[in-house]
Amino acid sequence: PGGQLMITNEVENYPGYPEGRNGPEMMDDFRKQAERFETVIRNEMIVKVDFSGPIHKAWSESGTEIHASTVIISTGASAKWLG
Numbered sequence: 187p188g189g190q191l192m193i194t195n196e197v198e199n200y201p202g203y204p205e206g207r208n209g210p211e212m213m214d215d216f217r218k219q220a221e222r223f224e225t226v227i228r229n230e231m232i233v234k235v236d237f238s239g240p241i242h243k244a245w246s247e248s249g250t251e252i253h254a255s256t257v258i259i260s261t262g263a264s265a266k267w268l269g
C-alpha cells in the first residue's frame, strides 16, 4: 500500500511541508490524520461495486460488504522513468 509515494525520496512541492518531506513520512502523516478523524482504513482490494442507489456498496476480496455515501476511486499510477 502507498504506491509511488512509498518509493519517493523527497517531496518538495506539497502544501503544508515547507521544508519538503520523504514519501513514507508523508504517508505516515496522512494515516495519522485519517485516524484522528476515526476513518476506517482497510488494506485490501475491492472486487465488486454497486453504484445504483444513494448508498453505494462495495465488496472486498475477503467478502466484506461495505456501504458508503461517498466513494473515492484510487486506481494508482506508474512511474515513467527518464533515461
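Using the working numbering, the letters of the sequence shown correspond one by one to residues 187 to 269.
Here a beta-carbon is modelled for each residue, glycine too, at the ideal position from N, C-alpha and C.
As assigned by DSSP and simplified to three states, the class of residue i
i       : result
Ile-252 : strand
Lys-218 : helix
Gly-239 : coil
Residue i, buried or exposed, once every other Cβ within 10 Å from all chains shown has been counted against 16
i       : result
Met-192 : exposed
Met-212 : buried
For residue i, the residue or residues it bridges with in DSSP
i       : result
Ile-232 : Ser-246
Val-197 : Arg-207
Residue i and residue j closer than 8 Å at C-beta
i       : j       : result
Gly-189 : Gly-262 : yes
Is the region 195-208 in contact with the region 222-230, if contact means three or more CB pairs nearer than 8 Å?
The region 195-208, when compared against the region 222-230, does not touch it at the 8 Å Cβ threshold.
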